[in-house]
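Colleague: According to the UniProt record's numbering, the sequence shown is numbered sequentially starting from 1. Dropping a structure here in structure tokens format, bear with me for questions.
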Amino acid sequence: MATQPIDRRTHWQNVYRTRRVDAVSWYQPHLSVSLQLLAQAGLSAHSRLIDVGAGASTLVDDLLDRGLRDISVVDVSAEALALARRRLGERADRVTWYAGDILELALPGGSFDLWHDRAVLHFLTDPEDAARYAHIAANALAAGG
Numbered sequence: 001m002a003t004q005p006i007d008r009r010t011h012w013q014n015v016y017r018t019r020r021v022d023a024v025s026w027y028q029p030h031l032s033v034s035l036q037l038l039a040q041a042g043l044s045a046h047s048r049l050i051d052v053g054a055g056a057s058t059l060v061d062d063l064l065d066r067g068l069r070d071i072s073v074v075d076v077s078a079e080a081l082a083l084a085r086r087r088l089g090e091r092a093d094r095v096t097w098y099a100g101d102i103l104e105l106a107l108p109g110g111s112f113d114l115w116h117d118r119a120v121l122h123f124l125t126d127p128e129d130a131a132r133y134a135h136i137a138a139n140a141l142a143a144g145g
């Protein structure tokens, strides 16, 4: 893996420790476009979905509201995931949480039907990192995913 000019984990931990969730420039109360695209891709209550780089977004809330039962959420910032878990309360137990850099996580192969990424791939400016990310996604997705 290529060396990054900044440590991703440290950067994002700092963002979520020092700013309100709704004060960051990318905040949206609901990810309507993502939900529409996921619906077009065949999202159903039976879909196995992974949200990569989720931060503290409310997509997981909306997916639970739509009846999804197999949701995994990944973010490099444990602080962001803690914020999301607190917001969800008891519903957080219905989600699989991965705190770590997607380029370093060992995701189970063929485990997901849908891969949602709104905030990771475009930050991977090193071609080696982007290629590794693509390999991880391809391995984690089920056939046809």
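The beta-carbon is built from N, C-alpha and C at its ideal position, and this holds for glycine as well.
#1: In whole angstroms, give me the CA-to-CA distance for Asp-129 and His-122.
#2: Check whether the Cβ atoms of Leu-68 and Ser-47 sit closer than 8 Å, and answer yes or no.
#3: Specify whether the stretch 77-94 and the stretch 103-116 touch according to this definition: at least 3 beta carbon pairs, one from each stretch, less than 8 Å apart.
#4: Based on the DSSP secondary-structure assignment, which residues constitute the bridge partners of Tyr-133?
#5: By the 10 Å Cβ neighbour count, where 16 or more other Cβ atoms means buried, how is Pro-5 classified, buried or exposed?
Modeller: Answer, in terms of the structure:
#1: 11 Å
#2: yes
#3: no
#4: In DSSP, Tyr-133 forms no bridge with anything.
#5: Annotation note: pLDDT 47 at Pro-5 (below 50); position unreliable, coordinate value reported separately. Exposed, because fewer than 16 other Cβ atoms sit within 10 Å of the Cβ of Pro-5.
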